[in-house]
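Down below is the structure, laid out as structure tokens.
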Amino acid sequence: MSDSIKLHYTVSPDDFTRAGEASGDVKSKLKKMGVSPEAVRKVAIAMYEGEINMVIHAEGGEIDVEISEDDITMILADKGPGIADIEQAMQAGWSTAPDNIRSLGFGAGMGLPNMKKYSDDMHIETEIGVGTTVTMKVNM
Amino acid sequence: MKLSEFIEKCGFELITEGKEDVELTSVYCCDLLSFAMSRNPRGSVWVTVMGNVNTIAVAVLTEGGCIVVAEGTAIDENAIEKAKQQGVAVLKTSKPIFEAALEAHNLISV
Chain A
1 MSDSIKLHYT VSPDDFTRAG EASGDVKSKL KKMGVSPEAV RKVAIAMYEG EINMVIHAEG
61 GEIDVEISED DITMILADKG PGIADIEQAM QAGWSTAPDN IRSLGFGAGM GLPNMKKYSD
121 DMHIETEIGV GTTVTMKVNM
Chain B
1001 MKLSEFIEKC GFELITEGKE DVELTSVYCC DLLSFAMSRN PRGSVWVTVM GNVNTIAVAV
1061 LTEGGCIVVA EGTAIDENAI EKAKQQGVAV LKTSKPIFEA ALEAHNLISV
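Chains as they are written, first to last, in the numbering used here: chain A, 1 to 140; chain B, 1001 to 1110.
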């Protein structure tokens, strides 16, 4: 695998039935490439949480994935409301998700903490009213 | 225990079939999908009351062994469709979560 592989996904707004399709697709591609099960699991969890966040908070968005010899980079960009206080959002249990989201089993305030836990490197750029871009890296 | 043997012996109602030769290694209980997402063990019997499409997605991503929807909770039609499409075994029981999990545990721990 000398050249990197680039993948692009669009996350539809308000569509919980399709959330997980992008991470599922990346997961099966990584498995076929023979990537270690541990790295595959980390990517799948981190990316699915990101997808769910985009559906809940940001009316969807765009995901770019780059798979290189050394790592997998996921860039999740949305045009949502932005995160007012990243430190607070990173705390396990903190959530601004509405009740209808909670009744689906989400909104436990574990999204961003899970993304941080399962990626080897995570960076958030956010601006109120403009959007949020989360870049995550998982080492091979 | 193989999934096929579990399905045969557990007495829960089979809703969708999965990959029969999957080895079931543990039982996991949780209804919060974000917790399950990071903690559902590979090859688990996951007992939950969440019968929606996202439960299926989490089971697929975590490579769980099967899902048991307990307490007689309804399973959404699109969740059943997704489970069929993804080859995830879903079972159903009216038993409370604890009892269902205990039975599953006793069965696979033999």
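Beta carbons: idealized from backbone N, C-alpha and C, even for Gly.
Rounded to the nearest whole angstrom, the CA to CA distance from residue 1101(B) to residue 21(A) is 29 Å.
Residue 28(A) carries a helical assignment under DSSP once its states are collapsed to helix, strand and coil. Distance between residue 1048(B) and residue 74(A), taken at the CA atoms: about 30 Å. In chain order, 1015, 1016, 1090 place their CB closer than 8 Å to the CB of residue 1080(B), counting only its own chain and leaving out the 5 sequence neighbours on each side.
Per DSSP, the beta bridge partners of residue 139(A) are 71(A). Contact fails between the segment 112-122 of chain A and the segment 29-37 of chain A, because fewer than three Cβ pairs, one in each stretch, are under 8 Å apart. For residue 56(A), there is no enclosing beta strand (DSSP E); the residue is found in the alpha helix (DSSP H) stretching over 37-57. Residue 1105(B) counts as exposed, since fewer than 16 other C-beta atoms from the protein chains shown sit within 10 angstroms of its C-beta. At the C-beta level, residue 60(A) and residue 134(A) stay beyond 8 Å of one another.
Shown here, residue 1063(B) sits in coil according to DSSP, grouped into three states, outside any helix or strand.
Residue 1031(B) has a beta carbon lying within less than 8 Å of a beta carbon in chain A. Where residue 99(A) is concerned, the enclosing alpha helix (DSSP H) starts and stops at 99-102. Under the 10 Å beta carbon count, residue 1093(B) is surrounded by 16 or more other beta carbons and is classified as buried. The segment 1061-1076 of chain B and the segment 1019-1034 of chain B touch, with no fewer than 3 CB-CB distances between them shorter than 8 Å. Inclusion of residue 65(A) and residue 138(A) in the CB contact set at 8 Å is not warranted, their separation being larger than that value. One alpha carbon belongs to residue 1030(B), the other to residue 48(A), and they sit about 18 Å apart. Minimum Cα-Cα distance from residue 30(A) among the listed residues 76(A), 69(A), 52(A) corresponds to 69(A). According to the DSSP secondary-structure assignment, residue 1010(B) is paired through a beta bridge with no residue. Using a Cβ distance threshold of 8 Å, residue 46(A) and residue 119(A) count as a contacting pair. Nearest CB-CB separation between residue 1025(B) and chain A: not below the 8 Å threshold. Secondary structure note for residue 1097(B): its alpha helix (DSSP H) is the uninterrupted segment 1097-1108.
For residue 116(A), the enclosing alpha helix (DSSP H) covers residues 111-118. Between the alpha carbons of residue 41(A) and residue 1043(B) lies a distance of about 13 Å. Assignment of residue 108(A) by DSSP, reduced to helix, strand and coil, places it in the coil class.
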